[in-house]
Every structure is written in structure tokens, then in C-alpha cells.
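One structure is given below, encoded as C-alpha cells.
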Amino acid sequence: MRRKKVLRVLMFLPLALLFIAAIGFVMMGLWNWLMPGLFGLRSITYWQAWGLLILSKLIFGGFGRHGGGRGHWRHRMMERCEQMTPEDREKFRQAFHDRWGRVTPPDSQQNA
2 MRRKKVLRVL MFLPLALLFI AAIGFVMMGL WNWLMPGLFG LRSITYWQAW
52 GLLILSKLIF GGFGRHGGGR GHWRHRMMER CEQMTPEDRE KFRQAFHDRW
102 GRVTPPDSQQ NA
């Protein structure tokens, strides 16, 4: 059983390395195709492309978990809304309306 895992890793490793190398070439190609023509910037090398990828990761984040909690607030709000009594829900809607104006849900919009 352990031997199968080792073989699987050894088969996967070259593909993973090839994929990682391809990311740098794609970044370099896109930069060298777009940026000199659009903004008059210089072309970059493979390692500069990797530097840009790492810098963008540090500044903006992004290679980690996908979704990262972006939709979590909506799920939490739905749970809270389900736990409210009808009176509390109407009170919340009124407060929302007073602050932000009338917002109709997408499923209740009428075709004009």
C-alpha cells in the first residue's frame, strides 16, 4: 500500500513541476504581450514574472483557499434571518429601508 502512494507521488511530481513552470511562462507571456503595447513598459524575464506573481500574492493575497470567506457573511445573515421572529424580520426590513432605500430582491422584480 505504501509503495503505491510513493509511486503515485513520483508520477505526480513531474506534472506538478511542469504546471508550476508553466505558470511563470504564462505570466511572462501575458506581460510581454500586453504591457509594452498598452503602457510602454519593458518586457520581463521568466524570473521577473515569478517575482511579480509573488509580489502580487503578498499585496493582494490569492493563491490560498478559494472563496476565502467571501460568501460567509451571506450565509451568516441567512441563518440570523431564519432565527428572527416575523416581527423582528419586519423591523429589520424597515430599518434597512430607512437607511438604504427600497431594495427589491431579484426574484420579486416585475417585468415592465
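With my numbering applied, the sequence shown has no gaps in its numbers, which climb one by one up to 113 at the end.
All C-beta atoms, glycine included, are put in the ideal place defined by N, C-alpha and C.
- DSSP, read as helix, strand or coil, puts residue 45 in coil.
- About 5 Å separates the Cβ atoms of residue 45 and residue 32, confirming a contact at the 8 Å cut-off.
- Here residue 85 is exposed, its C-beta having fewer than 16 other C-beta atoms within 10 Å.
- Here residue 85 carries a coil assignment [DSSP, helix/strand/coil].
- DSSP places residue 38 within a helical segment (H, G or I) once states are collapsed to three.
- Look at residue 30 here: in three-state DSSP terms it is helix.
- DSSP places residue 62 outside both helix and strand once states are collapsed to three, so it counts as coil.
- Look at residue 102 here: in three-state DSSP terms it is coil, with no helix or strand label.
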